[in-house]
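Notes for the one structure printed next.
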Amino acid sequence: MAEKKTLIVEQYGSPIRRDKVQRATLIGLGLNKMNKKRELLDTPEVRGMINKLPHLVRVVGE
Numbered sequence: 097m098a099e100k101k102t103l104i105v106e107q108y109g110s111p112i113r114r115d116k117v118q119r120a121t122l123i124g125l126g127l128n129k130m131n132k133k134r135e136l137l138d139t140p141e142v143r144g145m146i147n148k149l150p151h152l153v154r155v156v157g158e
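Under our numbering, residues 97 to 158 are what the sequence shown spells out, in order.
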């Protein structure tokens, strides 16, 4: 069975003064506090969510 690829995503921006959609996207990624990191599956859906928030999150590992 093939090993699934993962991404390590870090939140570096604050959701303060952001609209509800951006906050909901952060929560969907499992992020809610500054400098928090999550390991997520590398899927088109997750990549799309990350691309919507380039000012709040960054990929630190693949």
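Ideal placement from N, C-alpha and C gives every residue a C-beta, glycine not left out.
Given the structure is predicted, the values throughout are model-derived calculations rather than measurements.
Do residue j and residue i count as a contact pair if the criterion is CB distance below 8 Å?
i: L103; j: T121; result: no
i: L125; j: V105; result: yes
i: V156; j: K133; result: yes
i: R107; j: V142; result: Here residue 107 turns out to be Gln, not Arg, going by the sequence shown. Not closer than 8 Å, so no.
Which value, in whole angstroms, describes the spacing of the CA atoms of residue i and residue j?
i: N128; j: T139; result: 21 Å
i: N131; j: Q118; result: 17 Å
i: K101; j: N147; result: 18 Å
Terminal residues of the continuous alpha helix (DSSP H) containing residue i?
i: G124; result: 116-124
i: G144; result: 140-148
With which residues is residue i paired in a DSSP beta bridge?
i: L136; result: L103
Just reading off the beta strand (DSSP E) that residue i is part of, what are its end residues?
i: R154; result: 153-157
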